[in-house]
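Read through the structure below, which is laid out as structure tokens, and then see the notes.
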Amino acid sequence: MEHISAVNSGNVGGNNSTSATTSAGNKTINSKDSESGVGAVTPLAEVEKLTYEIHRYSSFSTNYFPENILVDCPSDQSSRWSAHTNNPPQFLTLKLKRPAIVKKIKFGKFEKSHVCNIKKFRIFGGLDEERMVLLLEGGLRNDNVPEVFNLRCKTEDGSEQLPILFVKIVPLLSWGPTFNFSIWYIELHGQDDPMYTSVSLRNYNMLREVEIVKLCLKHFRQQGYDAAFKALQEQTQVQLENPLISELHKCLVVKGDFENAEKLITKCVGEGLMDLYLNRQDYKHTWRMQLTQSPTQPGNRGGHQLVVDTKKRLVYLYGGWDGYRDLSDLWVFDIKTNSWTLLFEQTELFNGPTPRSCHKMVYDSVSENIFMLGRYLDNSIRTTDYIKSDFFLYDTRARTWLQICDDTSQVGGPQLVYDHQMCIDSEKRNIYVFGGKILTPRSVSNSTSNEPEYSGLFSYHIATNTWTQILVDCHHPSAAQADVLSIKSRITHCMVFHTKHRKLYIYGGQRGKEDIDDFITYDVDTQSISVLNKNNNNCGGAGGSSVCSHNNASDTKNEPSPGYTLRATIDCDRDEIYIFSSLSKLKDRRDIQHIDASNSFWVYSLEHYMWSRIYTCRHNAEASNATAKNDLLEPCPRYAHQLVYDDVAKSHYLFGGNPGKSSRPQMRLDDFWILELEKPKRSEILMHCRYLVRKLHYEEMARTDPLSAMQYLRHHVAQVIDHSNPEQLHNFHKLASLLFRSDDVSSTTGRSPLATPPLGKSLKMDNSVQVDNLETDTTNTTAESDEKQLDEDSSNKSGLQSEGSNPSEDLSMESCDSSATASSVSGASDSAVSSAGSITHSRRNNSKRTHDSREQELRRRRAFLFNKLVKLMPANMVQPERNLSDFVVM
14 MEHISAVNSG NVGGNNSTSA TTSAGNKTIN SKDSESGVGA VTPLAEVEKL TYEIHRYSSF
74 STNYFPENIL VDCPSDQSSR WSAHTNNPPQ FLTLKLKRPA IVKKIKFGKF EKSHVCNIKK
134 FRIFGGLDEE RMVLLLEGGL RNDNVPEVFN LRCKTEDGSE QLPILFVKIV PLLSWGPTFN
194 FSIWYIELHG QDDPMYTSVS LRNYNMLREV EIVKLCLKHF RQQGYDAAFK ALQEQTQVQL
254 ENPLISELHK CLVVKGDFEN AEKLITKCVG EGLMDLYLNR QDYKHTWRMQ LTQSPTQPGN
314 RGGHQLVVDT KKRLVYLYGG WDGYRDLSDL WVFDIKTNSW TLLFEQTELF NGPTPRSCHK
374 MVYDSVSENI FMLGRYLDNS IRTTDYIKSD FFLYDTRART WLQICDDTSQ VGGPQLVYDH
434 QMCIDSEKRN IYVFGGKILT PRSVSNSTSN EPEYSGLFSY HIATNTWTQI LVDCHHPSAA
494 QADVLSIKSR ITHCMVFHTK HRKLYIYGGQ RGKEDIDDFI TYDVDTQSIS VLNKNNNNCG
554 GAGGSSVCSH NNASDTKNEP SPGYTLRATI DCDRDEIYIF SSLSKLKDRR DIQHIDASNS
614 FWVYSLEHYM WSRIYTCRHN AEASNATAKN DLLEPCPRYA HQLVYDDVAK SHYLFGGNPG
674 KSSRPQMRLD DFWILELEKP KRSEILMHCR YLVRKLHYEE MARTDPLSAM QYLRHHVAQV
734 IDHSNPEQLH NFHKLASLLF RSDDVSSTTG RSPLATPPLG KSLKMDNSVQ VDNLETDTTN
794 TTAESDEKQL DEDSSNKSGL QSEGSNPSED LSMESCDSSA TASSVSGASD SAVSSAGSIT
854 HSRRNNSKRT HDSREQELRR RRAFLFNKLV KLMPANMVQP ERNLSDFVVM
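If you count the sequence shown from 1, you need to add 13 to reach the numbering used here.
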């Protein structure tokens, strides 16, 4: 979820809150609606303010009544609801006048920052107070600026609008951890006109009805109520799932046709039905040190720059600091030939830039030129003549340098800066430069305040060779003017450009001693800024292991820690931003052996607005020192390194940096690494599914025909095993033990206490007297073993039956037997014959029970596998994930 954001004079960026209102006279850049409904939104005037009442609350402190939130009095400290305690659960439930589509919520605040402001909260909504869904998870900034948030206003699949009658606000954390939660004012905005909501209500209820029918259909099918299943489906015309999935169920569960089931699964994978599942899986990362074939390669350095030409598969490296001096060499790495080539040892001798570090470069894929701007200068050489912001171009085809301008500040561009960020929009021929610390002449630095100056946001149009300042720094003297737009500038931040969204994404950075951890976007076409809500981080699904924690410690946060070492790249096709974080604290840089020295790699999903951590690896200094450089599994922690991304090959390239060793402060690195990120492929998920199907087939065969099962294990199950994977191989070897296990259904296939036996079948099983297939059943190993297990119970039951048998029937049987055997047969013999007949009849019943139990067990196991398989496919194609029994509590 994104905040709505307005760009105010000196009031945007950093820890300043996303504002819903602006100071008088300040010019605001209005945000536009995004397709996802998240981000820049329409002004409040386009939706109505909704009427609500306080329906329920958890508690309140004296005089801080819940009704206080109905009135906006920012100057009145008592005009708020305050919970009696900060122990959860604390909540406010609001009831609307009528069902409505609620799109936004506005939080008013006190005129000053307050420790009782809620730092983190959740908002739920629904038509029924007992059944609400999550609409928003977010947090407020601790300032006096009201904030407006977008609420989820569509159903889970996004097909229909979500009408609600109740809104429940649940505070989770206040800015003062020991203080009670306070809410000052709430406004809800949306639409409650019955002419508008009636359609949504009708469609929503229809969706609920369809879901209820599907839950019933799933239950009937699982329990074997075939007639009920067919009748309900015919009457409602609701399909439980896609016909392809129904065919899979028929083959796998009903018929046990494992061969055709495999074919259907192969078809599903081939048509991409499991691609969404694969995209939600964790990335598997692999670092590989690139040992080049060339005799020479770039030396040790930090503060250098890398750019990549994805078409020609080339990586360019320029400059940096080797620990003693700045460098001006230009290298190119050919990915295809795995070799470095030195293009220029000293570019200043060929009309190129002078030695430098902390500069920035971008590569223009249209003109195949490299643009370079900025550098760091030591305070001793910051003279008026020398401190100019020169701007260079390198033509990669002609291999020539061109100085575009000797001082961009004289033509409307930025002053000389370092630790800034540059991005290029090759389509519209624009280069964007944001942030960085401005270098001033030594005489000026000594005579004025020690407060550093920061650069704003600039654009350079390549075709016309013109600079434009878009935003000034919030502390710039002109920021106070009503018609000047400002932003909180910073250094050591990340900035990437999304070519399809046409937005700049800016994360983190530092300003003085302040770590800036906000995540903002700038739309280059509409000139609007939005703040990504960093608190909207749900656990799971972004291509990695999401980290969810309420701990404020930096190493447990669910986002990268801002600092000097963040390096960002972007994949516009995947809608993902990648950040590599290494040494993130000053104490790390003083001593790499510190426990906090680690590398971590993060991915931010622009589709789900969620951070996920791919991996974290603590640095083991002793192991690193004892291991040869070429044997390292991943780069050691560092800063002042460079990272670039080849979005064609999907590979990251990292070079050099400062390892931060206090014993060797001049030490710099020259290692070159490649990072591969891969998700499971279709072939892997297909192999896994085939293994599950064949494993189940083998288990069924092992019960009835161990010899055939052994051959099947050797020739079929072995085919779908990765024999190089120790875990898979171990599980494969364990399967052989089933060949030597006696089949004991009564002990190994007992139902879960919560499992519901099919009512009709259980009744038939208890009263069955049919023994048509008795001979066949009793020859089955499973049936025989089960019959032996049940002999004792059967004998007891037959004894009870003989005691309570009808005397007339017994007499008739005795009479018939007497006529055949004459009077030599005693009454004791007659009793024995009667008892033997009863036992035989009981055994036949138990054999039938065993057969039914085994059939039910087979179907249960097959259904369990089917449920696992359909979880890999899109939710709109398969049966509901929930079960009807989930809603019944006894």
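For every residue, glycine included, the Cβ atom is placed at its ideal position computed from N, Cα and C.
- Using a Cβ distance threshold of 9 Å, residue 468 and residue 486 count as a contacting pair.
- Taking the C-beta atoms as reference points, residue 594 is found nearer than 9 Å to residue 613.
- In this structure, residue 203 places its C-beta atom within 9 Å of the C-beta atom of residue 117.
- In the structure shown, residue 321 falls within a strand segment according to DSSP collapsed to helix, strand and coil.
- When secondary structure is reduced to three states using DSSP, residue 443 falls in the strand class.
- 9 Å or more divides the Cβ of residue 401 from the Cβ of residue 432.
- Per DSSP, the beta-bridge partners of residue 474 are 443 and 479.
- Between residue 424 and residue 387 a beta carbon distance of about 15 Å is seen, past the 8 Å cut, so the two are scored as non-contacting.
- The count of Cβ pairs closer than 8 Å, one atom from the segment 318–336 and one from the segment 700–709, stays below three, leaving the stretches out of contact.
- Taking 9 Å as the cut-off, the beta carbon of residue 372 is found no closer than this to the beta carbon of residue 340.
- For residue 583, the enclosing beta strand (DSSP E) starts and ends at 580–584.
- Here DSSP, grouped into helix, strand and coil, assigns residue 187 to strand.
- Here DSSP, grouped into helix, strand and coil, assigns residue 489 to coil.
- Per the C-alpha coordinates, the member of 687, 281, 737 and 582 positioned closest to residue 301 is 687.
- Residue nearest to residue 745 within the set 753, 726, 752 and 224 is 726 (criterion: CA-CA distance).
- 109 is the residue among 615, 109, 101 and 78 whose C-alpha sits nearest the C-alpha of residue 66.
- Annotation: the continuous beta strand (DSSP E) that includes residue 613 extends over 611–618.
- In terms of Cβ geometry, residue 690 and residue 652 do not form a close pair [threshold 9 Å].
- Under the DSSP assignment, residue 665 falls in the beta strand (DSSP E) whose first and last residues are 664–670.
- Taking C-alpha positions only, residue 623 is separated from residue 884 by approximately 22 Å.
- Counting C-beta pairs with one atom in each stretch, the segment 202–222 and the segment 122–139 have fewer than three that are closer than 8 Å, which means they do not touch.
- Under the 8 Å Cβ criterion, the segment 135–151 does not count as touching the segment 192–200, having fewer than three qualifying pairs.
- Rounded to the nearest angstrom, the Cβ distance from residue 669 to residue 314 is 5 Å, consistent with a contact under 8 Å.
- DSSP, reduced to helix, strand and coil, places residue 383 within a strand of the structure shown.
- In this model, residue 672 and residue 666 are separated by some 17 Å (Cα to Cα).
- Here residue 518 carries a strand assignment [DSSP, helix/strand/coil].
- Here residue 443 is not near residue 422, since their CB atoms are 9 Å or more apart.
- If you look at residue 258, you'll find it in the alpha helix (DSSP H) that goes 256–262.
- Taking a contact as a CB-CB distance under 8 Å, the pair residue 343 and residue 362 does not count as one, their CB atoms being some 12 Å apart.
- Looking at the DSSP output, residue 419 shares a beta bridge with no other residue.
- Note that the C-beta distance between residue 503 and residue 538 is not below 9 Å.
- One alpha carbon belongs to residue 398, the other to residue 160, and they sit about 47 Å apart.
- The three-state secondary structure of residue 436, taken from DSSP, is strand.
- Distance between residue 367 and residue 413, taken at the CA atoms: about 15 Å.
- For residue 629, no alpha helix (DSSP H) encloses it; the enclosing beta strand (DSSP E) starts and ends at 623–631.
- Scanning its chain for C-beta atoms nearer than 6 Å, with the 5 sequence neighbours on each side dropped, one finds around residue 306 the residues 351 and 352, in chain order.
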